[in-house]
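Chemist:
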Amino acid sequence: MRSDKRITLYILQSQVNSMVEKILDILQNTTSEGADINYVVINHVRDAILNVNDRTAKQKLWEKAVKYISENESRVRTEVQSVHGESFDVWRWIGSANLSMTGEATDCKYRAGRRIVDVQYLINEVLRFPHRTFFFCQSKDVFIKNEVREGFFSIYVLRCRRCLKEQSICSEEPESDLMDVNLACVAGVLSIRLDLYQLGELCSALRIPAVSGKDFERYRDELRNIYNDSKFGSEDSFETGRISTSTPTKLSEGHSSNDSERIRCALEDISSSLADLDLQQKERAFLQELSKDIEKIGMLTVDQSNSDLWFKERQKRLTASNFGRICKLLDKTNRANVVKDLLYSTFKGNVYTNYGKQNEDNAIRQFEQSTGKKVRKSGLLISKKYPFLAASPDGIILEENALVEVKCPYKARDLSIEDAFNNKEILFATYQDGKLSLKREDKYYYQVQGQLHVADKEFCYFIVWTPKGLVYELIERDELVWEKMLPKNSPRKGVWQGQAFDTDPGAANSLTHAPTPCLKIRGMLEEGAGPLAATAARDAVLSKIAHRCRILHCHAEVQCGVVYLKCGNEDDASVAFKNLHGWWYSGQLVTVKYLRMERYQERFPDAPSGPPYLRSAKPCDD
1 MRSDKRITLY
11 ILQSQVNSMV
21 EKILDILQNT
31 TSEGADINYV
41 VINHVRDAIL
51 NVNDRTAKQK
61 LWEKAVKYIS
71 ENESRVRTEV
81 QSVHGESFDV
91 WRWIGSANLS
101 MTGEATDCKY
111 RAGRRIVDVQ
121 YLINEVLRFP
131 HRTFFFCQSK
141 DVFIKNEVRE
151 GFFSIYVLRC
161 RRCLKEQSIC
171 SEEPESDLMD
181 VNLACVAGVL
191 SIRLDLYQLG
201 ELCSALRIPA
211 VSGKDFERYR
221 DELRNIYNDS
231 KFGSEDSFET
241 GRISTSTPTK
251 LSEGHSSNDS
261 ERIRCALEDI
271 SSSLADLDLQ
281 QKERAFLQEL
291 SKDIEKIGML
301 TVDQSNSDLW
311 FKERQKRLTA
321 SNFGRICKLL
331 DKTNRANVVK
341 DLLYSTFKGN
351 VYTNYGKQNE
361 DNAIRQFEQS
371 TGKKVRKSGL
381 LISKKYPFLA
391 ASPDGIILEE
401 NALVEVKCPY
411 KARDLSIEDA
421 FNNKEILFAT
431 YQDGKLSLKR
441 EDKYYYQVQG
451 QLHVADKEFC
461 YFIVWTPKGL
471 VYELIERDEL
481 VWEKMLPKNS
491 PRKGVWQGQA
501 FDTDPGAANS
511 LTHAPTPCLK
521 IRGMLEEGAG
531 PLAATAARDA
541 VLSKIAHRCR
551 ILHCHAEVQC
561 GVVYLKCGNE
571 DDASVAFKNL
581 HGWWYSGQLV
591 TVKYLRMERY
601 QERFPDAPSG
611 PPYLRSAKPC
621 DD
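For the sequence shown, full-length UniProt numbering gives the first residue as 1, with consecutive numbering after it.
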């Protein structure tokens, strides 16, 4: 028990230390970027470090980190500043970060942690430390007093405790033939199709101070210039190895010669990675932007077509009124034309749509009078799970967790409800024995189901109105229909396709009993996949096993392409293993390994240890 407690305390302390490192990086980078303001609002720092969904769970860690900064970090001062007329608690960076190559000392303290250094060069420089005579100094008397960093490159101020002599040395030889460490790191990151965020997470895990966003962009641009110069310059530049002044004659000592073809291939890889990275970054940034202010947008757009914001936000998303059109596309249909029509349509309405808008309020008012229900206006509702999907129902009934969708057929404007159906002026539904039934294959049914799932409601009152009466159908949310719609709306959705080998007790690929309740699942997620793929993989796991065993926690890690699973106990883990290991998922073979509980808790300290258990909206059929 004492050992477990020490492990828990160590994990918590490591998390606090990591958070402090990130805070200091933000403060230092803010100062180094040359801004006139050298302070940062504390809440803004929190928002940059903690995801919205993690803030409640990690509030205590954040408070400990803030306390540590306030009590122990002399380079940071806590103040109250007026920002845009409001008072905020801020952190002001007061430590100097200026140190010239001549070794002029600063007040900046050395921060403990790991660094990337040229070991032989650093040792030689330390051994050559110019001690003063007659003090009988030794190498052990030398310590690091100050450090100034530029990305992964550092200048250290060494000081002797005995003679008090100081000397500045670099983390690597400035005139080395090796590629600049910052360029090398950024080139390596780009070559394996990672980005600044993932580099930052790696540095945080290794406790290495990270590169600022501004510096990362600068190094990336320099690499792009190197590539362009080498591509369009003379062939001699390759033979001599002098691509540019910042490019070394050796890419890495003992690993790659300065061969023109290898340099060309490396730069080609970097160039293609840059293009892919730009696209990935823009995609991620766009999705993050779509997730902002979802509830606020809903409240500000209740006027719908009379609101400029409604048009602006709707244009960024696929709306429920188009779900039917998308889901009914044939495989041979050219998607480019559909996308072009959705993005650049000049349709402003016609006699049919204008008639519907003019009479929508009349229909809702008559519905309220006949049913006694209160219908409230609805703005643009945006899916929290898929923020690129949205819907604009005609109304909401809060008391019933229901929506209202109204259709006012122009062709039935002079007819009663019964005559309109008898004369086949209304084709999207049937009307028999006084009951309305929307056809399940009609585009309006896809629209209704899309609205229910985007808005997370249970029912929709589908109303058909003419000046001579109205009729409505109460349509329930249908998970099966939504599951069938998703492959069209989200091409990253996966499918279980049978088992490749036996995992029953006694089989070669089965353990008699699970040694731990935690599992590590590979084969469902590609490394670096987007958030949609992660959500699809997690949903697929839960749909496969959540009705068979108790699941406490499930997380899809896109950086390493792994799904992590924590079950209720070892018996539940055995069931999960049997139903996942060796199965085919979207053409990929899924493999499962058991993960020690302490390793799982170290990675996911906030993972629950007891109920409630996770459930799937729709269990899949094997």
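Beta carbons: idealized from backbone N, C-alpha and C, even for Gly.
Touch check for the stretch 353-361 and the stretch 445-464: three-plus C-beta pairs under 8 angstroms?
Modeler: Judged by Cβ distances under 8 angstroms, the stretch 353-361 makes no contact with the stretch 445-464, as fewer than three pairs qualify.
Chemist: Who are the Cβ neighbours of H553 in its own chain at under 7 angstroms, not counting the five residues just before and after it?
Modeler: Contacts found: K566, F604, A607 and P608.
Chemist: Going by DSSP in three states, C137 sits in which element: helix, strand or coil?
Modeler: The answer is coil: DSSP assigns C137 none of H, G, I, E or B.
Chemist: Expressed to the nearest angstrom, what Euclidean distance is found between the alpha-carbon atoms of R159 and R132?
Modeler: Cα to Cα, the separation comes out at about 12 angstroms.
Chemist: Within its chain, find whatever has a CB closer than 8 angstroms to the CB of L381; leave out the 5 residues flanking it on each side and keep chain order.
Modeler: Taken in chain order, the residues that qualify are G298, A390, A391, S392, P393, Q451, V454 and A455.
Chemist: So what does DSSP say about K296, is it helix, strand or coil?
Modeler: The answer is helix: DSSP assigns K296 an H, G or I state.
Chemist: In the DSSP assignment, what are the bridge partners of N146?
Modeler: According to DSSP, which records beta bridges pairwise, N146 is partnered with V157.
Chemist: Output needed for D89: all residues of its chain with C-beta closer than 7 angstroms, excluding positions within five of it in sequence on either side, in chain order.
Modeler: Answer for D89: I42, T78 and V80, listed in chain order.
Chemist: Could you spell out the range, first to last residue, of the beta strand (DSSP E) harbouring F459?
Modeler: F459 to T466 is the span of the beta strand (DSSP E), which, as asked, contains F459.
Chemist: Work out the CA separation of G610 and I551 for me, nearest whole Å.
Modeler: Going from the Cα of I551 to the Cα of G610 covers about 10 angstroms.
Chemist: Which value, in whole angstroms, describes the spacing of the CA atoms of K407 and E360?
Modeler: When rounded, the distance between both Cα atoms is 8 angstroms.
Chemist: With burial defined as no fewer than 16 other Cβ atoms inside 10 Å of the residue's Cβ, what is the status of S581: buried or exposed?
Modeler: In the sequence under discussion, the amino acid at residue 581 is His, which differs from the Ser named in the question. So H581 counts as buried.
Chemist: In the DSSP assignment, the alpha helix (DSSP H) including Q449 goes from what residue to what residue?
Modeler: Taken as a continuous stretch (DSSP letters only), the alpha helix (DSSP H) holding Q449 covers K443 to A455.
Chemist: With 9 angstroms set as the bound, which would you pick, yes or no: does the beta-carbon of H131 sit closer than that to a beta-carbon of chain D?
Modeler: Although the question refers to chain D, the structure presented lacks it and comprises just one protein chain.
Chemist: Over the uninterrupted beta strand (DSSP E) stretch that includes Q430, give me the two end residues.
Modeler: Note that residue 430 is Thr in the sequence shown here, rather than Gln. Unbroken beta strand (DSSP E) run through T430: A429 to Q432.
Chemist: Tell me the DSSP secondary structure of E125 in three-state form.
Modeler: Looking at E125 - three-state DSSP - the assignment turns out to be helix.
Chemist: Here's the rule I'm using: 16 or more other beta-carbon atoms within 10 Å means buried, otherwise exposed. How should G379 be labelled?
Modeler: That one is buried.
Chemist: What is the rounded straight-line gap between the Cα of C170 and the Cα of A184?
Modeler: Taking the straight line from one Cα to the other gives about 17 angstroms.
Chemist: Does DSSP put G213 in a helix, in a strand, or in coil?
Modeler: Three-state result, G213: helix.
Chemist: What residue ranges within the stretch 379-424 form continuous alpha helix (DSSP H) runs of no fewer than 4 residues, ordered along the chain?
Modeler: Those alpha helix (DSSP H) runs which fall completely within the stretch 379-424 and span 4+ residues are 417-422.
Chemist: Going by CA-CA distance only, name the one from S154, V186 and E217 that's closest to L202.
Modeler: The shortest C-alpha separation from L202 is found at V186.
Chemist: Opposite V189 in the DSSP bridges: which residues?
Modeler: Answer is none; V189 lacks a bridge partner.
Chemist: Who pairs with A65 in a beta bridge, going by DSSP?
Modeler: Answer is none; A65 lacks a bridge partner.
Chemist: When you compare only the Cα positions, how much space is there between W62 and M19?
Modeler: One C-alpha to the other measures close to 7 angstroms.
Chemist: Considering only the alpha carbon of each residue, which of P612, V590, W583 and F347 lies closest to C549?
Modeler: Looking at the Cα atoms, P612 is the closest of the given residues.
Chemist: Along the chain, where does the beta strand (DSSP E) that runs through F88 open and close?
Modeler: Residues E86 to W93.
Chemist: Around the Cβ of G34, are there at least 16 other Cβ atoms within 10 angstroms (buried) or fewer (exposed)?
Modeler: Low local confidence applies: a pLDDT of 49 at G34 is under 50, so the model's placement there is unreliable, and no value is given.
Chemist: Within its chain, find whatever has a CB closer than 6 angstroms to the CB of V52; leave out the 5 residues flanking it on each side and keep chain order.
Modeler: The answer is none, since no qualifying residue turns up.
Chemist: With a threshold of 6 angstroms on Cβ separation, who are the neighbours of G372 within its own chain once the five nearest residues in sequence on each side are excluded?
Modeler: Around G372: no qualifying Cβ.
Chemist: I'd like the list of long-range same chain contacts for K165, defined as Cβ closer than 7 angstroms, with 5 residues on each side in sequence excluded.
Modeler: Closer than 7 angstroms at the Cβ level, and outside the excluded window around K165, lie P130, H131 and R132.
Chemist: Could you spell out where the alpha helix (DSSP H) holding L519 opens and where it closes?
Modeler: Unbroken run through L519 is the beta strand (DSSP E), C518 to R522; no alpha helix (DSSP H).
Chemist: Could you give the distance in angstroms between the alpha-carbon of N124 and the alpha-carbon of I26?
Modeler: If you take the alpha carbons of N124 and I26, they lie about 33 angstroms apart.
Chemist: Since E476 and L438 are thought to touch, with beta carbons under 8 angstroms apart, how far apart are those beta carbons, to the nearest angstrom?
Modeler: No, E476 and L438 are not in contact; Cβ-Cβ is about 12 angstroms, not under 8 angstroms.
Chemist: Would you say Y564 and A573 are within 9 angstroms of each other, going by their C-beta atoms?
Modeler: Not closer than 9 angstroms, so no.
Chemist: Have a look at the DSSP bridge pairing and note the partners of E557.
Modeler: V562.
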